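For the sequence shown, position 53 (counting from the first letter as 1) is numbered 53 according to UniProt numbering, and the numbering increases by one without interruption.
No residue lacks a Cβ here, since even glycine has one placed at the ideal position from N, Cα and C.
The structure displayed is predicted, hence computed values, not measured ones.
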Amino acid sequence: MAAPLRGVTKWPFGARRSQASRPLVVALDMDECLIHSKSFSSSSDSFRQEEASRAAGTTSNGVSSFRLTFADSVSCTVLMRPGLDEFLKECCSRWTTYVITAGTQEYAEPLLDKLDPAGNIAGRFYRHDCRRVRTSYGEQFLKDLSTILTHHGRDEDDLSRIVLVDNNPVSFVCQPDNGIPVPDFVGKADDMLARVLKVLARVDAEDDVRPVLKGMFGVDKVTSELRRQLCIPDDFRQGFASERLRPSKL
């Protein structure tokens with residue numbers, strides 16, 4: 001699989017950014033990327049996408065956490081990836097930042113209200129904004145960055161200045177060369193968000209982020225096999241056996 005971000009040691013050469021380049025748009029996943037939620041008072045199956053990493057169990061190891069209540073008194077404990085507050089503050093101040101999650105709005109919205117009480121995140125996209133596919137291991141939700149670009153007022157095919165930070169390889173199927181893969185977060189402390197900031201600062205210097213990210217992570221090598229398994233053509237918008245759910249009201 002594509003190597004998730006673990007260290008930042010050297011960078012592929014790319015075209016340097018011109019002053020006329022558009023601002024970088026950053027799309028962030030939520031579950032197992034920014035946070036990990038556990039200890040639900042009732043089944044979480046209808047609220048979150050299935051993630052294989054949860055089967056191994058969770059730890060807390062002193063990471064910050066809070067209790068969240070949502071959806072008619074369902075509650076859970078939310079573990080925050082170390083440095084999350086600082087990461088969101090810097091990310092939102094430097095780049096146009098969105099969250100796109102396969103979680104349902106009734107679960108994710110109150111959680112994001114806790115993480116971003118000042119409303120610095122430019123927009124939120126939920127499960128109904130994703131493309132749903134049925135696989136042999138259950139439902140999965142693909143994240144089509146054109147949804148964010150359209151909301152942002154850009155052409156849906158202008159992918160040169162947008163990135164997706166996510167832990168799930170399936171999320172990158174639509175636009176693999178825009179992906180920044182990170183290891184699953186299930187409670188163990190790490191410095192991954194600080195490393196992501198370094199990558200974002202690096203690609204912000206480019207007119208087109210895709211050659212640099214492709215050279216760093218090679219996400220396309222993983223998604224090519226996933227596309228084959230899911231019967232997704234290269235132009236995934238044509239004849240794609242997925243389900244686009246109702247648009248989000250942001």
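Asked, Found
"Residue from Val173, Val163, Leu79, Thr97 with nearest C-alpha to serine 64", "Leu79"
"Entirely enclosed beta strand (DSSP E) segments - the region 83-126, minimum 3 residues", "96-100, 123-125"
"Residues bridged to valine 212 (per DSSP)", "In DSSP, valine 212 forms no bridge with anything."
"The region 153-165 / the region 19-29 touching (three or more Cβ pairs under 8 Å)", "yes"
"Residue nearest to methionine 216 in terms of C-alpha spacing, selected from Ile232, Ala194, Thr69, Pro181", "Pro181"
"Cβ pair glutamate 206, valine 199 closer than 8 Å", "no"
"Residue(s) in a DSSP beta bridge with leucine 142", "Arg131"
"Same chain, Cβ closer than 6 Å to serine 171, five either side skipped, listed in chain order", "Lys143"
"Expected contact under 8 Å - CB spacing of phenylalanine 70 and tyrosine 107 to nearest Å", "6 Å"
"With 16 other Cβ atoms within 10 Å as the buried cut-off, status of aspartate 191", "exposed"
"Environment of glutamine 175 [buried if 16+ CB atoms lie within 10 Å]", "buried"
"Leucine 164 in three-state terms, based on DSSP", "strand"
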